[in-house]
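Accompanying notes for the structure given below.
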Amino acid sequence: MALIVAPAEGYDSLVTLAEAVVYMANYGHVWPADESAQEIALRRATQYILSNYALDPQYLDPVAQKVKDACCEAAWRAAKGELFQDTDGRIMTERTVDVITTKWAEGQQGGQMRFAVIDALLRGLTTGGAMNIKLVRG
């Protein structure tokens, strides 16, 4: 099934397949050779971006270059594994392997991965987040 690329109605990708191929080559990311695997990764990346970031609509029509770059970074990660993780909410506080003991606790994301490069690329392109409100000077 061919990608429907934003800003087209009913889009399922923020990036064209050709743009993704160029991005992966430019940044040295290993990208699947199979086009259907590439399309799946782009769809999953778009789902991740749109689910986790409240993008300001002005950056979606036309799609801003930083949004495209963030989608490509997410697609590269999606091609290697899951972007979303199911979690049971438990917090591991200690782990012992041989004679080494490590103690840790999960962050506030409920076990979900955060990707610093995606966060950085989208910084300033969102309408806010949890516990944030938009202020307008009168």
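Take the UniProt record's numbering: the final residue in the sequence shown is number 138, and no numbers are missing along the way. Where a beta carbon is used, it is the ideal one built from N, C-alpha and C, also for glycine. Model, not experiment: these values are computed from the prediction.
Excluding the five sequence neighbours on either side, which residues of its own chain have a C-beta within less than 7 Å of the C-beta of residue i, listed in chain order?
i	result
Leu-14	Ala-6, Thr-46, Ile-49, Val-63, Val-67, Lys-68 and Cys-71
Can you tell me whether residue i is helix, strand or coil according to DSSP?
i	result
Arg-43	helix
Leu-125	coil
Leu-50	helix
Arg-137	coil
Gln-38	helix
Glu-73	helix
Ala-79	helix
Might you give, ordered along the chain, the residues of its own chain that have their beta carbon closer than 8 Å to the beta carbon of residue i, omitting 5 neighbours on each side?
i	result
Gln-38	Leu-17, Ala-20, Val-21, Trp-31, Pro-32, Ala-75 and Ala-79
Gly-81	none
For the beta strand (DSSP E) containing residue i, list its first residue and its last residue.
i	result
Arg-95	95-97
Do residue j and residue i have their beta-carbon atoms positioned less than 7 Å apart in this structure?
i	j	result
residue 144	Ile-118	The first residue shown for the chain is 1 and the last is 138, placing residue 144 beyond what the model contains.
Asp-12	Arg-43	yes
Asp-56	Thr-127	yes
Tyr-53	Leu-122	yes
Leaving aside the five residues before and after residue i along the sequence, list all residues of the same chain whose C-beta is less than 6 Å from its C-beta, in chain order.
i	result
Tyr-59	Val-67 and Leu-125
Gln-65	none
Arg-95	Thr-102
Ile-4	Gly-10, Tyr-11 and Asp-12
Give me whichever residues DSSP pairs with residue i in a beta bridge.
i	result
Leu-60	Val-63
Ser-13	Val-5
Leu-55	Thr-126
Ile-100	Val-97
Counting along the chain, where does the alpha helix (DSSP H) carrying residue i start and finish?
i	result
Ile-4	Element bounds for Ile-4: n/a, residue is neither H nor E.
Leu-122	116-122
Val-21	17-27
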